[in-house]
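Residue numbers (my numbering), protein chains in the order written: chain A, 1 to 206; chain B, 1001 to 1209.
From the three backbone atoms N, C-alpha and C, an ideal C-beta is built for every residue, glycine too.
Dropping the structure here:
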């Protein structure tokens, strides 16, 4: 019996590892322009963000744009100006109930002879009975926004934001997923919000 | 039999939820407008950061259609009225919710005792439960607000209005058509009054929660 429980716990851990993903809502606006072959420069929307941190994110964005046929260029001879901003919200508290664990034999003992009654939700508890728990967790909203302007005309050719919610406040850990979501099927359907799910590389939940 | 009963109950609940899809907004309007007299109007962003924005253009198109219906004539130059448009979305906040447990084998314990009853005694409402036995959880709510001002170029304000709604997902392109429609319901409306406007949502739309 103990073996089967351990096995079950292992299985759940495995499943849990597979399920770690970053879910991002991507909203984009554009007028169906063809960007092919145009050169671009990535700049912070807020000049105060200039620095190595911004440079790191700008690098991710430049890589993504290069894959779509844009050419990185210096600020003075770029066709397009990519204005980037990012932010993390204050945390907020979410409440959830974790179902209880009742071992089958005890389920019956307790009068709950029910096919769903035995749970496997908490692999770390080998108690035979554990009631449900109400818990709180903190989530943060992480946001990347991007505006592409034509340098000559000043006209906005693309606007997009990628917003994701999760337990990590540190935006540098989330930025690769925000950028990848923003550029998934770029430029995408204009004026619509799409949800992009990306499995995390190391199986951690961000 | 009881599995089947639970399944049926679940389907019935889902059915009810499907019927209840509406969009609600609180609409407040202040104005000194007589009936519109085919005056010319131009829609501009109230927030300078939104000048040239494609997102703004998309929502302005919705407002433009409503202004035309209300009897105005949109023009690009020298308008008699400037329509200043803006919107805001709040950070998310959490609302606590629960659904009561039910217990198919001992219906007399059902809702009262092991559902809310237990809760009120400081126990967990889902104590005996898995899923369908009741849960406490939170959902995210964002407040969206659409603001419109009609002004003469001289600065005289003719109309001020806002439509405010709580929504689950801050999916602005999906919400904005309803917010705009709410703001223009019985336009210009009674001045100085806040009305709750309820709009039916088509089944496929997932605005709100």
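Take the Cβ of residue i as the centre, count every other Cβ of all protein chains shown within 10 Å, and call the residue buried at 16 or more, exposed below.
i	result
residue 1090(B)	exposed
residue 1202(B)	exposed
residue 204(A)	exposed
residue 38(A)	buried
residue 1092(B)	buried
residue 195(A)	exposed
residue 189(A)	exposed
residue 67(A)	exposed
residue 1022(B)	exposed
residue 1079(B)	buried
Could you round the C-beta distance between residue i and residue j to whole angstroms and report it? I think they count as a contact, below 8 angstroms.
i	j	result
residue 1150(B)	residue 1159(B)	4 angstroms
residue 1166(B)	residue 1136(B)	With 8 angstroms as the limit, residue 1166(B) and residue 1136(B) do not qualify as a contact, their Cβ atoms being about 20 angstroms apart.
residue 64(A)	residue 41(A)	Contact flag wrong, Cβ pair sits at about 15 angstroms.
residue 173(A)	residue 162(A)	So it is not a contact: roughly 15 angstroms between Cβ atoms.
residue 31(A)	residue 1054(B)	7 angstroms
residue 1042(B)	residue 1083(B)	7 angstroms
residue 1027(B)	residue 1194(B)	7 angstroms
residue 60(A)	residue 149(A)	With a Cβ gap of about 20 angstroms, residue 60(A) and residue 149(A) do not count as contacting.
residue 1094(B)	residue 1138(B)	4 angstroms
Can you tell me whether DSSP reads residue i as helix, strand or coil?
i	result
residue 1195(B)	strand
residue 1136(B)	strand
residue 1026(B)	strand
residue 1044(B)	strand
residue 1050(B)	helix
residue 43(A)	strand
residue 1113(B)	Only weak support is given to the placement of residue 1113(B): the predicted model assigns it a pLDDT of 37, under 50, and the value that follows is read from those uncertain coordinates. Of the three classes helix, strand and coil, the one that applies to residue 1113(B) here is helix, per DSSP.
residue 1156(B)	coil
residue 1072(B)	coil
residue 1055(B)	helix
residue 1064(B)	helix
residue 1021(B)	coil
residue 1035(B)	coil
residue 1163(B)	strand
residue 48(A)	helix
residue 72(A)	strand
May I ask which residues mark the beginning and end of the alpha helix (DSSP H) holding residue i?
i	result
residue 99(A)	Counting along the chain, residue 99(A) falls outside any alpha helix (DSSP H), and DSSP gives it neither H nor E.
residue 181(A)	171 to 182
residue 1180(B)	1172 to 1183
residue 55(A)	52 to 67
Residue i lies in the beta strand (DSSP E); which residues open and close that run?
i	result
residue 158(A)	156 to 166
residue 149(A)	133 to 150
residue 1086(B)	1081 to 1089
residue 1098(B)	1093 to 1099
residue 77(A)	Run containing residue 77(A): none; DSSP gives neither H nor E here.
Whole angstroms are fine: how far does the CA of residue j sit from the CA of residue i?
i	j	result
residue 97(A)	residue 1168(B)	20 angstroms
residue 70(A)	residue 76(A)	16 angstroms
residue 54(A)	residue 178(A)	14 angstroms
residue 184(A)	residue 95(A)	32 angstroms
residue 1189(B)	residue 52(A)	53 angstroms
residue 1066(B)	residue 155(A)	26 angstroms
residue 1049(B)	residue 1056(B)	10 angstroms
residue 1182(B)	residue 72(A)	45 angstroms
Do residue i and the ligand HEM come close, with the Cβ less than 7 angstroms from some heavy atom?
i	result
residue 55(A)	Only the bare structure without any ligand can be found here, which leaves the ligand HEM out of the picture.
Counting only Cβ-Cβ distances shorter than 8 angstroms, please list the residues of the segment 1157 to 1178 of chain B near chain D, keeping chain order.
Among the chains of the structure shown, chain D does not appear; the protein chains present are A and B.
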